[in-house]
Amino acid sequence: MKIAKNTVVSVNYRLSDAQNNLIEEGSQPMVYLHGGYENTLPKIEEELDGKETGYSSTIQVEPEDAFGDYDPELVKVEDRKRLPEPLEVGMQFEGMAEGVDDEPTIFTVTDIADDKVVLDGNHPLAGMALRFDLSVIDVREATAEEIAHGHVHGAHGHHHEEMEDSEQGDHFRSQPLN
Ligand SMILES: [Zn+2]
């Protein structure tokens with residue numbers, strides 16, 4: 004069956020940067036609801052639309068079509084005592100960025116000095132061109148419930164009980180795109 008609006012697509016993927024350095028080897032296929040539900044990047048949907056199981060290709064997605072340009076204004080330095088201990092590089096906190104007052108921003112600790120901490124509110128993949136090796140392994144019709152919810156249920160899909168677990172790992176899928 005062809006990939007079209009309201010089909011559920013299973014795709015093996017490998018994510019690398021524009022120089023082909025591996026960023027993420029998809030250990031499990033990405034399974035998403037096709038048709039503009041923002042379950043995956045629009046460029047991926049565009050590439051796969053109308054294709055079938057067995058189709059594979061490599062696409063490059065520019066930052067503006069992925070996680071945006073790197074914004075230096077989202078980097079800030081905080082007093083270490085304002086943050087919980089123990090503190091490590093790579094930890095993430097939700098906070099409000101100045102000038103962005105609608106949604107909380109996820110800040111990643113990128114550096115720790117004696118009493119100061121550098122927090123970066125950019126997505127880890129911001130500013131990067133991304134290459135996706137894609138290989139479609141299954142296409143099926145979505146259920147009415149999946150269409151109503153705007154996401155996939157079942158194996159590899161969205162689990163309402165353990166949503167937090169299921170949304171970790173696949174960062175290009177689980178982050179809101181706007
Ligand atoms: Zn649901």
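Residues 4 to 181 in our numbering are what the sequence shown spells out, letter by letter.
Cβ coordinates follow ideal geometry from the N, Cα and C atoms, glycine included.
By the Cβ-count criterion, residue 25 is exposed, with fewer than 16 other Cβ atoms from all chains shown falling within 10 Å of its own Cβ.
In the three-state DSSP reduction, residue 119 falls in the strand class (E or B). Between residue 129 and residue 66, the C-beta spacing is below 8 Å. Closest in C-alpha terms to residue 77, from the list 138, 127, 148 and 57, comes 127. Under DSSP, residue 62 forms a beta bridge with 135.
Bridge pairing for residue 109: 97 [DSSP]. Annotation for residue 86: no beta strand (DSSP E) segment contains it, and DSSP assigns it neither H nor E.
With 16 or more other Cβ atoms inside 10 Å of its own Cβ, residue 10 counts as buried.
With a beta-carbon spacing of about 6 Å, residue 122 and residue 81 fall inside the 8 Å limit used to define contacts. In this structure, residue 156 has its beta carbon less than 7 Å from a heavy atom of ligand 1. With contacts defined by Cβ atoms closer than 8 Å, residue 125 and residue 74 form a contacting pair. By a beta-carbon distance limit of 8 Å, residue 157 does not contact residue 40. Their separation comes to about 16 Å. The beta carbons of residue 142 and residue 115 sit no closer together than 8 Å.
Relative to ligand 1, even the nearest heavy atom lies 7 Å or more away from the CB of residue 37.
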